[in-house]
Amino acid sequence: MAEEVILLDDFWSSMFGMRCRIALAEKGVKYEYKEEDLRKKSDLLLQMNPIHKKIPVLVHNGRPVCESLVILQYIDETWPGKCSLLPSDPYQRAQARFWADYVDKKFSDLGRKICTAKGEEQEVAKKELIDSLKLLEGELGDKPFFGGEMLGFVDLAIVPFYTYFLAYETCGNFSIEVECPNFIAWTKRCLEIESVSKSLADPQKVYGFVLHLKKVNGIE
Amino acid sequence: MAGKVVLHGMWASPYSNRVELALKVKGIEYEFVEEDLTNKSETLLRYNPVHKKVPVLVHDGKPIAESLVIIEYIDETWTDGPRLLPQDPYERAKVRFWAGFCQQQLFEAIITVVKTDGEAQERAVKEVHEKLKVLEEGIKGNYPEGSLFVNGDSVGLLDIVVHSILGAHKVHEEVLGVKFLDPEKYPRVTSWVTALTEFPLVKEAAPPHEKMVGFLQFFRARALKSATA
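Below, the structure is given as structure tokens:
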């Protein structure tokens, strides 16, 4: 059976889609990319993800997989051998899953608050983001990547959020590099890898998108 | 598989109960440390500095936190005995997706019903029903009838998660005056949850109904009080 892999995604805004693109690139999986206009969802998207109606969706031989971290693990298990995303040791795997889960719990919400809130609420969100990044710096330690010598599950889970940093810094009027230099050094190392640099959206475009969303929602 | 296993948990925590059930299904011997969540121990804070929550599984002195992460760790570490996740990557993806849905969407909605009253509670009740409808359709579509549980004849990760959320439905009815598990609206989910509560390992481990009712009443009263404070 000829293999058919489709990724339903939205290039500009979705950090979750970026995770999947990096994983497919790392694994050297050929796939068809279908751009979704989130204001006008395609029939294929609605059919493949009827529950959340969200991207990304990986469709492998007609069968859909939804939720980016579920997709990453599916990709890792379906195309093993090349560039393992998760380590082989169960304890290390548990740590990787823990930190990916941590990022999902923290970042989206904080990012949104930094971009849209004002005054005290914004300051609290900024501080929480910096504290979270410092915690991640501690977890990274001296390693080049969270996955060790090579990119791993946690690196893929986190690095797409970097595309929103320009937006956070501009809306929040602060510098993430000043507060968390080791974290930014890690993002720079990731960006030197082709599968990452080709999969991440341009931060300027992302910032433009954030401004557009704010305008559309009547937020200054 | 050698090595000391300690579970830091709390008797009424659904997250803690999930891990206990997983350990029991695998036949793993463990020591249970009951944590007072109003006065967390030094040990707990040391083992889970990030979230400071139960459950934490400590295996050979190494801590693992987050219930779903722990259950996958258990499945990967103790490989003889029943599997908690299927072997096929697509089936595994389905289990992970639905466990995530139940946790993030269904459970959150139920918690909101517990913690609110009036209009906010009415909205939350409506949301629970929406999520149950999605779960009913999802299970019908993804898991043909025939086996007792999604995992086959023995409970697996998704069965365990659903039990932790809906197993206490009679407690919910008594404390909240709301019946979620309508067998006419959600026949598959209702029969699944019934089978779960009857499963011997589950039945033995379940805390007494009255004790759960008392706890939920206390939890709800505390939440309502702090909401108006």
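Order-wise, the sequence lines are chains F and H.
Counting along the first sequence from 1, when you hit position 192 you're at 243 in the numbering used here, and nothing is skipped either side.
Counting along the second sequence from 1, when you hit position 169 you're at 320 in the numbering used here, and nothing is skipped either side.
Note that beta-carbon positions come from the ideal geometry of N, C-alpha and C, so glycine has one too.
Fair warning: this is a prediction, and the values are worked out from it, not measured in the lab.
Could you name each continuous beta strand (DSSP E) segment of 3 residues or more that falls completely within the segment 84 to 114 of chain F, going from the start of the chain to the end? 108 to 111
Would you say the beta carbon of Gly289(H) comes nearer than 7 Å to a heavy atom of the ligand MN? Among the components of this structure there are no ligands whatsoever, and the ligand MN is therefore not found.
Count Cβ pairs between the segment 256 to 269 of chain F and the segment 167 to 176 of chain H that sit closer than 8 Å; are there 3 or more? no
Check distances from the C-beta atoms of the segment 138 to 154 of chain F to those of chain H and list, in chain order, the residues that come in under 7 Å. Pro141, Tyr142, Arg144, Ala145, Arg148, Phe149, Asp152, Tyr153
Partner residues on chain F for Glu217(H), Cβ-Cβ distance less than 9 Å: Here the question's residue 217(H) lines up with position 66 in the second sequence. Per Cβ cutoff of 9 Å: Ala145, Arg148, Phe149, Asp152, Tyr153.
Can the beta-carbon of Val205(F) be found less than 8 Å from the beta-carbon of Trp150(F)? As a working mapping, residue 205(F) is identified with position 154 in the first sequence. As a working mapping, residue 150(F) is identified with position 99 in the first sequence. Yes, the Cβ-Cβ distance between Val205(F) and Trp150(F) is below 8 Å.
What are the residues that DSSP puts in a beta bridge with Val207(H)? Counting from one through the second sequence, the residue named residue 207(H) turns up at place 56. DSSP, once it has assigned bridges, lists His159(H), Ala216(H) as partnering Val207(H).
Please list the residues of the segment 86 to 114 of chain F that have a C-beta atom closer than 7 Å to any C-beta atom in chain H, keeping them in chain order. Ile102, Arg114
Please determine, among Tyr84(F), Gln124(F), Gly113(F), the residue with the shortest C-alpha to C-alpha distance to Ile106(F). For the purposes of this step, residue 106(F) is taken as residue 55 along the first sequence, with counting starting at 1. Ile106(F) has its Cα closest to that of Tyr84(F), out of Tyr84(F), Gln124(F), Gly113(F).
Cα-Cα separation, Ala168(F) to Val184(H): For this step, residue 168(F) is matched to residue 117 along the first sequence. For this step, residue 184(H) is matched to residue 33 along the second sequence. Taking the straight line joining both Cα atoms gives about 41 Å.
Mind the definition here: the segment 234 to 252 of chain H touches the segment 300 to 309 of chain H only if three or more C-beta pairs lie below 8 Å; say whether that holds. yes
Measure the alpha-carbon distance for Leu180(F) versus Pro338(H) and round it to whole angstroms. Position 129 of the first sequence, counted from the first residue, corresponds to residue 180(F). Position 187 of the second sequence, counted from the first residue, corresponds to residue 338(H). So the alpha carbons of these two residues sit roughly 44 Å apart.
Integer Cβ distance of Ile73(F) from Ser226(F), believed to fall under 8 Å: Along the first sequence, one-based indexing puts residue 73(F) at 22. Along the first sequence, one-based indexing puts residue 226(F) at 175. Incorrect: roughly 26 Å between the Cβ atoms, too far for contact.
Am I right that Arg371(H) and Val326(H) are in contact with their C-beta atoms under 8 Å? What's the rounded C-beta distance? Position 220 of the second sequence holds residue 371(H). Position 175 of the second sequence holds residue 326(H). About 6 Å; that satisfies the 8 Å criterion.
If you measure between the beta carbons of Lys164(F) and Glu174(F), is that distance less than 8 Å? Residue 164(F) sits at position 113 when you count from the first residue of the first sequence. Residue 174(F) sits at position 123 when you count from the first residue of the first sequence. No; because the gap between Cβ atoms is not below 8 Å, this pair is not in contact.
Determine the closest residue to Asp88(F) out of Asp60(F), Asn100(F), Val229(F), Leu137(F), with distance taken between C-alpha atoms. Here residue 88(F) is taken as the residue at index 37 of the first sequence, counted from 1. Residue Asp60(F) is the option with its Cα nearest to Asp88(F).
For Phe331(H), which of helix, strand or coil comes out of DSSP? Position 180 of the second sequence, counted from the start, is the residue given in the question as residue 331(H). Reduced to three states, the DSSP call for Phe331(H) is coil.
Hey, is the segment 315 to 326 of chain H in contact with the segment 342 to 352 of chain H, meaning 3+ C-beta pairs nearer than 8 Å? yes
Please classify Val306(H): does DSSP put it in a helix, a strand, or coil? Along the second sequence, one-based indexing puts residue 306(H) at 155. It is coil, neither helix nor strand.
Decide yes or no for the touch test of the segment 252 to 268 of chain H against the segment 203 to 216 of chain H: beta carbon pairs closer than 8 Å, at least 3 of them. no
Looking at Gly289(H): is its Cβ nearer than 8 Å to the Cβ of Ile102(F)? The sequence position of residue 289(H) within the second sequence is 138, counting from 1. The sequence position of residue 102(F) within the first sequence is 51, counting from 1. Cβ distance < 8 Å, so Gly289(H) and Ile102(F) count as in contact.
Taking 8 Å as the threshold (beta carbon to beta carbon), is Cys241(F) in contact with chain H? Sequence index remark: in the first sequence, residue 241(F) carries index 190 (1-based). It does not; no Cβ of chain H falls within 8 Å.
Residues of the segment 238 to 251 of chain H with Cβ closer than 7 Å to any Cβ of chain F, in chain order: Pro240, Tyr241, Arg243, Ala244, Arg247, Phe248, Gly251
8 Å contact criterion, which Leu137(F) and Ala147(F) should meet: CB distance rounded: As a position in the first sequence, residue 137(F) is number 86, starting the count at 1. As a position in the first sequence, residue 147(F) is number 96, starting the count at 1. The Cβ separation is near 6 Å, so the contact holds.
Is Ile57(F) helix, strand or coil when you go by DSSP? The residue given as residue 57(F) occupies position 6 in the first sequence. Ile57(F): strand per DSSP, three-state reduction.
If you measure from the beta carbon of Lys213(H) to each beta carbon in chain F, is any gap under 8 Å? By 1-based counting over the second sequence, the position of residue 213(H) is 62. Interface residue, yes.
Coarse secondary structure for Glu182(H), derived from DSSP in three states: Translated into positions along the second sequence, residue 182(H) becomes position 31. Reduced to three states, the DSSP call for Glu182(H) is strand.
I'd like to know whether the C-beta atoms of Val340(H) and Leu286(H) end up nearer to each other than 8 Å. Against the second sequence, residue 340(H) aligns to sequence position 189. Against the second sequence, residue 286(H) aligns to sequence position 135. Contact: yes.
Note down, in chain order, every chain F residue with its Cβ under 9 Å from the Cβ of Tyr224(H). On the second sequence, residue 224(H) is found 73 positions in, with the first residue counted as 1. Within 9 Å Cβ-Cβ: Pro141, Tyr142, Arg144, Ala145, Arg148.
Pull up the DSSP beta-bridge partners for Val116(F), would you. For the purposes of this step, residue 116(F) is identified with residue 65 of the first sequence, where counting begins at 1. DSSP lists Leu109(F) as partners of Val116(F).
Does any residue of chain F have a CB that is nearer than 8 Å to the CB of Glu227(H)? Here residue 227(H) corresponds to residue number 76 of the second sequence, with the count starting at 1. Yes - at least one Cβ of chain F is within 8 Å of the one on Glu227(H).
Proximity below 8 Å, CB of Lys104(F) to CB of Leu95(F): To locate residue 104(F), count along the first sequence from 1; it is residue 53. To locate residue 95(F), count along the first sequence from 1; it is residue 44. No; because the gap between Cβ atoms is not below 8 Å, this pair is not in contact.
What do you get for Thr127(F), buried or exposed, if any count of 16 or more other CB atoms within 10 angstroms of its CB means buried? Here residue 127(F) refers to the residue found at position 76 when the first sequence is read from its first residue. A small correction: the amino acid at residue 127(F) is Asp; Thr does not occupy that position in the sequence shown. Burial call: buried.
Residues sharing a beta bridge with Phe196(F), DSSP: As a working mapping, residue 196(F) is identified with position 145 in the first sequence. According to DSSP, Phe196(F) bridges with Gly199(F).
Going along the chain, which residues of the segment 193 to 207 of chain F sit with their C-beta nearer than 8 Å to a C-beta in chain H? none
Do the segment 178 to 192 of chain H and the segment 243 to 262 of chain F meet, that is, are 3 or more Cβ pairs less than 8 Å apart? no
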